[in-house]
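In the working numbering, the protein residues as written are 1 to 361.
For every residue, glycine included, the Cβ atom is placed at its ideal position computed from N, Cα and C.
Everything on this sheet refers to the single structure shown next.
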Amino acid sequence: MTPDEFYCFQLLGKTGICVLSGNDFKQRPGTYHLRTTFLPPVDQMKEMVERFHTFHIAYIIAQNLVAALEKAFRPTNNVKIASDKKISNEPFSVRKLFQTVPKVSFRTLTYVTYDDATLTLDFYTSTVSGKRPCVLVIHGGAWSAGDSKQLPELNSHLARAGYHCAAISYRLAPRWQCPAPIEDVAAALNYLCKHADDLNIDTNNFVLLGRSAGGQIALLAAYTLQQSGIKGAIDFYGPADMIYGYMVPTNPYVINSGQALARYIGGDYYQIPDKYAASSPIEFVNRQTVPTLIFHGLTDALVFCEHSRRLSAKLDQYDVPHYLLELPWGTHGFDYHLNGPGGQLSTFAIEYFLRVVTGGQ
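Below is the structure:
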């Protein structure tokens, strides 16, 4: 997207304000001009300016994103989007803010039955024919809430881009504790491999994707399961260092992070320090660790960005291909709106990452 494409894109209700490219007024490229018929209330003006500032930062990040991804993952082949429809190759577009994500239907399948639990996954079939890679999606919810229906828009988008998506439900704390969700991921992978012919899955190309608590599960599973088909991990604002998470708690008025960790791991850190280490993805990074894509918002008050920075530093230490995209405006769950600034940038990076780690598929 060029500054010229920042044409009149937003009419804010009764405020009478629209935003136009500075180029239209023969100003310096990259500048913008506010045209008003009358001024709105101060609070509305402040909100509008903050929103516009976010768009401008997203535009700047987008300008450098492809180069940053190329540097991080060093693709050796010509990567192309395999899709039955045109997928935009723009990291960020203002027009897209007002578009909806077409839905892809899914099937709910039972992937494992324990004595005390039956678990299902929602399978979104790629709209591209043939054996296709599969993204296994793991929801968030402080390890104690949520299910496979969380934030389904990305699943539909990736299915249209040529990837199967399997969004799983897993056993929740406090009834079940770590490593139960890791075992569930292993069970889901086994199920998908067993039924690969029926589902048209390329079993050599799985990528694990998780949000928040699901990010910790995705990372830990990708780093510890002996599954050669796992080619990468995608982490949205996940707690990668559980010891740090215990030692530096969040504001209890936001979330009681110590309580959430204790329910998931089985007790206080000082009672079971080894279990905290065993549940920390950062402890399992080595030179064989799969490529990793990380997203985090700098204003995240539920899982501090320091988790992702620590993980990135550890991956650096072992020369593991990875990229951390920090979003200055991003809160926890910044990708809730897939076509919002954070959603667009992260989705573009995910598609790029998937094409590289699956060999250009």
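Cα-Cα separation between residue i and residue j, rounded to whole angstroms
| i | j | result |
| --- | --- | --- |
| Gly162 | Arg132 | 7 Å |
| Asn286 | Ser280 | 13 Å |
| Leu97 | Leu338 | 9 Å |
| Thr37 | Trp329 | Here Thr37 scores only 49 on pLDDT, less than 50, and its place in the model is too uncertain to base an answer on. |
| Ala196 | Gly229 | 12 Å |
| Gly343 | Phe295 | 10 Å |
| Ser93 | Leu345 | 9 Å |
| Pro174 | Asp115 | 17 Å |
| Tyr269 | Gly258 | 9 Å |
| Glu127 | Gly333 | It should be noted that the sequence gives Thr, not Glu, for residue 127. When rounded, the distance between both Cα atoms is 27 Å. |
| Leu172 | Ala159 | 27 Å |
| Ala142 | Ile265 | 12 Å |
| Pro273 | Phe284 | 16 Å |
| His53 | Ala186 | 43 Å |
| Gly214 | Leu199 | 24 Å |
| Gly362 | Leu119 | Residue 362 falls outside the range modelled here, since the chain spans only 1 to 361, and no answer is possible. |
| Asp241 | Ala72 | 22 Å |
| Leu354 | Asn190 | 21 Å |
| Thr250 | Ile168 | 27 Å |
| Val356 | Glu70 | 10 Å |
| Val101 | Tyr124 | 14 Å |
| Pro321 | Gly245 | 25 Å |
| Asn155 | Val66 | 22 Å |
| Thr224 | Thr358 | 20 Å |
| Trp176 | Ala218 | 17 Å |
| Gln226 | Asp319 | 20 Å |
| Ala68 | Tyr323 | 8 Å |
| Arg51 | Ile138 | 30 Å |
| Tyr336 | Glu153 | 9 Å |
| Arg263 | Ala117 | 18 Å |
| Thr347 | Ala278 | 30 Å |
Buried/exposed call for residue i, threshold 16 Cβ in 10 Å
| i | result |
| --- | --- |
| Asp300 | buried |
| Leu298 | exposed |
| Asp122 | buried |
| Arg74 | exposed |
| Tyr111 | buried |
| Gly130 | exposed |
| Phe25 | In this predicted model, Phe25 has a pLDDT of only 48, less than 50, meaning its place in the structure is not dependable; the value taken from the coordinates is given anyway. Counting Cβ neighbours within 10 Å, Phe25 comes out exposed, since fewer than 16 surround it. |
| Lys194 | exposed |
| Tyr352 | buried |
| Gln271 | exposed |
| Asp184 | buried |
| Leu325 | buried |
| Val248 | exposed |
| Thr108 | exposed |
| Thr105 | According to the sequence shown, residue 105 is Ser rather than Thr. It counts as exposed. |
Which of helix, strand or coil DSSP assigns to residue i
| i | result |
| --- | --- |
| Pro179 | coil |
| Phe334 | coil |
| Asp84 | Residue placement at Asp84 cannot be trusted, given a pLDDT of 37 that sits under 50; the coordinates are not used to answer. |
| Pro341 | helix |
| Phe55 | helix |
| Ala233 | strand |
| Arg132 | strand |
| Phe92 | coil |
| Tyr114 | coil |
| Thr108 | strand |
| Tyr246 | helix |
| Arg137 | Residue identity differs from the one stated: residue 137 is Val in this sequence, not Arg. Of the three classes helix, strand and coil, the one that applies to Val137 here is strand, per DSSP. |
| Tyr323 | strand |
| Asp241 | coil |
| Thr127 | coil |
| Thr358 | coil |
| Thr120 | strand |
| Val101 | coil |
| Arg74 | coil |
| Phe25 | The predicted model places Phe25 with a pLDDT of 48, which falls under 50 and marks its position as unreliable, so this point remains unresolved. |
| Tyr318 | coil |
**Request:** Would you check if the region 53-61 and the region 297-307 touch, i.e. whether three or more CB-CB distances between them fall below 8 Å?
**Result:** no
**Request:** With a floor of 3 residues, list each beta strand (DSSP E) that falls wholly inside the region 249-306, ordered by position along the chain.
**Result:** 292-297
**Message:** Pairs of beta-carbons, one from the region 177-184 and one from the region 149-159, closer than 8 Å: are there three or more?
**Reply:** no
**Request:** Decide yes or no for the touch test of the region 191-208 against the region 248-257: beta carbon pairs closer than 8 Å, at least 3 of them.
**Result:** no
**Asked** Could you give the uninterrupted runs of the alpha helix (DSSP H) lying entirely in the region 142-225, keeping only those of 4 residues or more?
**Response** 153-160, 180-194, 196-199 and 213-224
**Asked** How do the region 235-248 and the region 206-221 stand: do at least 3 beta-carbon pairs fall below 8 Å, yes or no?
**Response** yes
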